[in-house]
Amino acid sequence: MGWALLLLAIAAFGLAPAAWLLQARVARAVGARPAFGAALWTVLFAAVLWAMLAVAALIVAHASRFGSGAPFAALAAALSWLALGVGVRLYLPDPAGAKLAWRRALWAALPAVALLWAEAALVPRALQWGGIG
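In terms of my numbering, the sequence shown opens at residue 36 and continues consecutively.
What follows is the structure in structure tokens.
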């Protein structure tokens, strides 16, 4: 139980910067700041949705030229952007309660997705620096 809570805390700590950025971008798009918990939940939802989409894409693209390397990395990045855009539309409405348009939701999600990918690229380096990996 203790290890699970530690892992959950590490995941929340890693997703928090993207949630703060997403919160600011959605506030700029709709004119009202959503709750931080809602933004964090949106990022967590997007991570789970992205994982499911990436597995499905890997199965579908297995025998094609998109099944590995740079083409699959680009596909995975696009799917993560789509997953966060879906999360923004579902969980971060405007003050009147209406869902953001797809274009606004995707543009609000783009910087947070870029930050998450940058974090994912830096984690192995940080683990090596710390002598863990």
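Backbone N, C-alpha and C define an ideal beta-carbon position, used for all residues, glycine too.
When the Cβ atoms of the segment 52 to 59 are set against those of the segment 149 to 168, are three or more pairs found closer than 8 angstroms?
Verdict: yes, contact present.
Write down the C-beta distance between Leu127 and Ala74 rounded to the nearest angstrom, noting that I regard them as a contact closer than 8 angstroms.
About 7 angstroms separates the beta carbons of Leu127 and Ala74, which is inside the 8 angstroms limit, making them a contact pair.
Range covered by the alpha helix (DSSP H) that runs through Arg100
No alpha helix (DSSP H) contains Arg100, which DSSP labels as neither H nor E.
Just to confirm my understanding: we take Phe101, look at its own chain, exclude 5 residues before and 5 after, and list those with CB closer than 7 angstroms. What are they?
Cβ neighbours of Phe101 beyond the five flanking positions: Phe107, Leu110.
Sub-8 angstroms separation of Pro69 and Val78 beta-carbons
Pro69 is not a Cβ neighbour of Val78, given a cutoff of 8 angstroms.
Cβ atoms of Gly120 and Ala133: under 8 angstroms apart, would you say?
With contacts defined by Cβ atoms closer than 8 angstroms, Ala133 and Gly120 do not form a contacting pair.
Drop a sphere of 10 angstroms on the beta-carbon of Leu50, count the other beta-carbons inside from all chains shown, and report buried for 16 or more, exposed for fewer.
Burial call: buried.
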